[in-house]
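Below is one structure, written out as structure tokens, with a few remarks after it.
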Amino acid sequence: MAVKYQEEDHIFTLQTEHTTYQMKVDEFGFLLHLYYGGKAEGCMDYLLTCSDRGFSGNPFDVGADRTYSMDVLPQEYPCLGTGDYRNCAVNIRNADGSECCDLRYASHEVRKGKYSLKGLPAVFAGEEEADTLEICLEDRVSGVQVRLLYGVLEKEDIITRSAVIRNGGSGTVVVEKASSACLDFVTGEYDILSFYGRHAMERNFQRTRAAHGTFRIGSRRGTSSHQYNPAVMLAERETSEDAGSCYGMIFVYSGNFLCEAEQDQFGQTRLLMGLQEELFHYPLKAGESLVVPETILGYTENGFGALSRMFHRCIRNHICRGKYAHGPRPVLLNSWEASYFDFDGESICRLAEDAAALGIDMVVMDDGWFGKRDDDNSGLGDWTVNEAKLGLTLGEMIGRINGLGVKFGIWIEPEMVSEDSELYREHPDWALQIPGRKPVRGRNQLVLDFSREDVREYIFKRICGVLDQGNIEYVKWDMNRSITDVYSVEKDQGKILYDYVLGVYDFLEKLTERYPWMLVEGCSGGGGRFDAGMLYYTPQIWCSDNTDAADRLRIQYGTSFFYPACTVGSHVSAVPNHQTGRKCSLHTRGVVAMAGTFGYELDPGKLTEEEKAEVRAQVARYKKYADLIRTGDYYRLSEPFRDVCAAWAFVSEDRSRVLLNVVMQEVRGNMPTCYVKLKGLDPDVLYRDTESGRKYYGSALMRAGLPIPAGMGEYRAYQAELAVCSNGQ
Ligand code: GLA
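Each residue of the sequence shown is one higher than the one before, counting from 538 in our numbering.
Right, dumping it as structure tokens:
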């Protein structure tokens, strides 16, 4: 068992292969945090120190002892109102209007297997792969109970945390703030790595000090957002990509979140991850519960790269589900940048003919095939095929495409409605709007109230009505605006955004149950909802609306800190690039798109014969490496926000195959040679460049590096496969 309870000291210890997490119920029933980090043995309650601290209050039951204060002690689930003035994990407004919750230990339970969460995505694992610890805390005055859930995946070095808040009293209480994870560090100086961005430029890398005060990121947009990704790392000041201590938190949720890192008056650090407290006031009547979405925790002493690989394995094996979680993904040709709204059935079939000739597996018909939708101002909500526009039925079109040996996929945006649509004319009250106010428009569309089951059911039926018309093997689920006008006649306003996200999950669960063979790709204006919650239903997510290979180097670098390459939707598009006007070579665009699910977002009819030949070879090359990219370990070999080149490699688990990728980000006259040091190889074996035939020892490649062949042109890419020589060959 990875969970131990020492009754005499009331100590809980969670052990993974390389980490230890420890906490203690003290004599007053408070659940104190003792330690999280590299493997350590024995009771560590000696780490707790108590001194008389001015202006830090003392719980009533400690009597005259002024040295005991919740304002100073490390805790597992700190609440507002107990004399802890730091950021709290939970805040409850009681029936009498007071804001206070004094949680004390009530009971605990240890179980084999990993807990699951009702209505929410969560890490899953087999009975033998994980253990669960559940600690029940209780406020004896209000009757509020909190079940803290800990999942321990010993082999993966992963610990998960969640909480279920239940009103065990008689009046209604309101949950004003709820987190799933809190980490208190009594010592240490830390940096926080976070990933900020904007539409078409997501997940930029930022490293800042966790200093006195609070570093806070989050979303109040209704989705996890382009602006801040719901995942962070906390690292010691000297930690680097390849060495040093670092912790990571990934929030398994696709809506509003809040992450806070605070250094308190004594230099202690608290890291919290949970639901955003704004636009959230969750009432619980007697007997009702709220499930706080899960946070995945990881720790390593071996730098950011090792922590990323740990998270990649966890997401690949314990978050992504369904047929495609472990299977090869189709190389797809998407119609969006090929023709935007300007297409018909013939032109989509032509894309399929080109796809067949180029070795591409699937054609995806993007936005514009339904209702009245020739631009982005109308039609959303009217999920009926526009046969007049297509010139044939969907079934006929799919039949022709499949006849060419090409699979077919389609775009949907179920959560939205255009004011200019049949649906809105019939049900204006289904859109989120505040009575008496004009709604805020985004992309000229409104958001359907997906917290309502009747709304979801209607849309589900309409969409299934389309998906049943032919052999549809892929769906791109889009969501193209941030949410405003949070109001519902049906329920308490403070519940809507949480219930909305659960509504989206409910819809996705039903969709994937009904069409288990279908690959669903997530999307929200590119990567505006790129999170582990969505990955539970959609094993890949369109990473960004920016398809420029040069910008993608940074976007994909940031994304790689938590999410594996097999989840990163990435395509080759036309030049000049539609977002930046930049012209990168077809080779470079291919190398960059190969760090993801790979596909095309252009009209092959506009390519020269020479380019077509290159695409054909590119697709074949990708297919050769697809397994290695999907299952291999990912190594960042440079820092594209700082270095001249962007470099990364995929290394097979047995270290016998390596795919090295380098893109020069700068060209200067008479440039110095760029050397790239590989990582993760077997130092003692000989690797052979499968194209040039040159041989190198792993140790040389890792310690001395490889000179990248000189050449002209900005954003020039270099890709090489290295394979272990067998019998000296
Ligand atoms: C979003 C997506 C694009 C495309 C358009 C269609 O912006 O990210 O890939 O599907 O919507 O409207």
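Quick reminder that beta carbons are idealized off the backbone N, C-alpha and C, glycines included. These numbers were taken from a predicted model, which means no experiment stands behind them.
Which one or two residues does DSSP pair with Cys-796 in a beta bridge?
-> Met-810
Kindly list the residues whose CB is nearer than 7 Å to the CB of Arg-999, restricted to its own chain and excluding five residues on each side of it in sequence; keep chain order.
-> Trp-920
Rounded to the nearest angstrom, how far is the Cβ of Cys-1060 from that of Asp-1015, given a contact under 8 Å?
-> 5 Å
What are the start and end residues of the alpha helix (DSSP H) that includes Val-901?
-> Note, Val-901: premise wrong, no alpha helix (DSSP H); beta strand (DSSP E) at 899-902.
With DSSP run on the structure shown, which of helix, strand or coil describes Pro-1141?
-> helix
Please indicate yes or no: does the CB of Cys-1080 lie closer than 7 Å to some heavy atom of the ligand GLA?
-> no
Residues that Gly-575 bridges to, as DSSP identifies them | Thr-556
Which residues bound the beta strand (DSSP E) around Met-1201?
-> 1194-1201
Any idea what DSSP makes of Glu-1147, helix, strand or coil?
-> helix
Cβ contact (3+ pairs, closer than 8 Å) linking the stretch 1107-1123 and the stretch 1068-1084 | yes
List the residues that DSSP assigns as beta-bridge partners of Ile-1000.
-> According to DSSP, which records beta bridges pairwise, Ile-1000 is partnered with nothing at all.
Compute every distance between the C-beta of Asp-913 and the non-hydrogen atoms of the ligand GLA, then say whether any falls below 7 Å.
-> yes
Taking 7 Å as the line, does the beta carbon of Cys-1103 fall inside it for any heavy atom of the ligand GLA?
-> no
Identify the residues that DSSP records as bridge partners of Phe-1187: which are they?
-> Tyr-1171 and Leu-1196
Straight-line gap, Ile-833 to Asp-1219 (C-alpha atoms, nearest Å) | 30 Å
Does the separation of the CB atoms of Val-868 and Val-1156 fall below 8 Å?
-> yes
Would you tell me roughly how many angstroms separate the C-alpha atoms of Val-689 and Ile-852, rounded to the nearest one?
-> 15 Å
Tell me, to the nearest whole angstrom, how far the beta carbon of Thr-557 is from that of Lys-541; I am working on the premise that it is less than 8 Å.
-> Wrong, their Cβ atoms sit about 10 Å apart, outside the cutoff.
Spatially closest choice to Glu-963 from Arg-850, Val-984, Gly-918 and Leu-941, by CA coordinates = Gly-918
Buried or exposed by the 16-neighbour rule on C-beta atoms within 10 Å, applied to Asn-1008 | exposed
Starting from His-645 and walking both ways along the beta strand (DSSP E), at which residues does that stretch end?
-> 641-649
Per-residue burial, Gly-1250 [other beta carbons within 10 Å of its own, 16 or more giving buried] = exposed
What do you reckon, are the CB atoms on Ile-548 and Cys-587 nearer than 8 Å?
-> no
Use the C-beta contact count for Ser-635: other C-beta atoms within 10 angstroms, 16 or more gives buried, fewer gives exposed.
-> exposed
Note down, in chain order, each residue of its chain lying with its Cβ closer than 8 Å to the Cβ of Cys-1080, except the 5 sequence neighbours on either side.
-> Glu-739, Gly-1063, Gly-1064, Phe-1067, Arg-1089, Ile-1092, Gln-1093, Thr-1096, Val-1105, Gly-1106, Ser-1107 and Gly-1133
Check whether Cys-637 and Val-627 have beta carbons under 8 Å apart | no
Which whole-angstrom value describes the C-beta separation of Gly-792 and Val-1038, a residue pair presumed to lie in contact below a C-beta threshold of 8 Å?
-> 4 Å
Is it the case that the Cβ atoms of Arg-758 and Ile-947 are separated by a distance below 8 Å?
-> no
Taking the alpha-carbon positions, what's the Arg-630 to Arg-703 distance?
-> 13 Å
Looking only at its own chain, which residues have a Cβ that is under 6 Å from the Cβ of Val-647, when we skip the five neighbours before and after it?
-> Val-540 and Leu-670
Which stretch, first to last residue, makes up the alpha helix (DSSP H) that contains Gly-1095?
-> 1086-1096
DSSP three-state call for Thr-1125: helix, strand or coil?
-> helix
For the putative contact between Val-1199 and Ala-1184, defined by C-beta atoms under 8 Å, what is the C-beta separation to the nearest angstrom?
-> 4 Å
For Gly-1136, verify whether its CB is less than 7 Å away from any heavy atom of the ligand GLA.
-> no
Should Ala-700 be labelled buried (16 or more other beta-carbon atoms within 10 Å of its own) or exposed?
-> buried
Spatially closest choice to Ser-1263 from Met-1239, Ser-1193, His-763 and Leu-1197, by CA coordinates = Ser-1193
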